[in-house]
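Each residue of the sequence shown is one higher than the one before, counting from 564 in my numbering.
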Amino acid sequence: MKLKYLLFFLIPTILLASDGGSGETDIVSRTINFIIFVSIMYYLLADHAKNFYKNRIANIADSLDSIQVKVKESVMAKQSAQAKVEEAKINASVLLETSKKEAKLIAIKIENNTNRELQILEKSFQEKTDIEKRRMARDVATKVLEEVFDKDSISIDKAELVKIIMKKVA
Numbered sequence: 564m565k566l567k568y569l570l571f572f573l574i575p576t577i578l579l580a581s582d583g584g585s586g587e588t589d590i591v592s593r594t595i596n597f598i599i600f601v602s603i604m605y606y607l608l609a610d611h612a613k614n615f616y617k618n619r620i621a622n623i624a625d626s627l628d629s630i631q632v633k634v635k636e637s638v639m640a641k642q643s644a645q646a647k648v649e650e651a652k653i654n655a656s657v658l659l660e661t662s663k664k665e666a667k668l669i670a671i672k673i674e675n676n677t678n679r680e681l682q683i684l685e686k687s688f689q690e691k692t693d694i695e696k697r698r699m700a701r702d703v704a705t706k707v708l709e710e711v712f713d714k715d716s717i718s719i720d721k722a723e724l725v726k727i728i729m730k731k732v733a
């Protein structure tokens with residue numbers, strides 16, 4: 564139904580649009596003028612258009628080459644960076660192992676030094692206690708002898724003197 568209405572309104576429009584008569588046309592002269600115009604335009608603009616496109620192609624090729632060079636440089640830089648990262652990882656693991664070994668050696672050295680210091684301190688303490696014991700024994704013996712030889716004291720025989728000294732020393 565819609566198609567019928569469409570055709571009904573379009574056909575008269577097409578029929579009324581025609582001139583209705585046969586007129587003379589100057590197609591041949593127009594064609595010749597067009598060909599002359601196109602050839603003049605070609606003569607004037609052909610070299611410029613060719614140069615423009617050649618320059619454009621050269622610029623595109625140069626930019627493509629520079630981009631490819633940059634891509635190659637970035638790939639090389641990436642590979643270099645990856646190699647440095649791998650080297651750094653290896654160095655880090657080596658340093659870690661070395662530091663662990665050094666820490667163990669330092670701990671052993673500190674332990675040995677501490678043990679040596681303790682032995683020296685124990686020996687020094689032992690010597691000081693021996694010296695102190697001897698000094699105390701001398702002091703005791705001196706006091707006993709002073710008491711014995713005191714003019715006001717009672718006379719004691721040797722057996723009792725030894726007995727008194729033994730009591731004081733013990």
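Where is the CB? At the ideal position from N, CA and C, for every residue including glycine.
- The DSSP-derived three-state label of threonine 588 is coil.
- Judged by pairs of C-beta atoms under 8 Å, the segment 724 to 732 touches the segment 695 to 710, as three or more such pairs exist.
- Here methionine 729 carries a helix assignment [DSSP, helix/strand/coil].
- Secondary structure at methionine 564: coil, using DSSP grouped into helix, strand and coil.
- One alpha carbon belongs to aspartate 693, the other to glutamate 685, and they sit about 12 Å apart.
- Asparagine 622 and tyrosine 616 have their C-alpha atoms some 10 Å from each other.
- Between the alpha carbons of serine 602 and serine 592 lies a distance of about 15 Å.
- Taking the CA atoms as reference points, asparagine 654 sits about 31 Å from asparagine 675.
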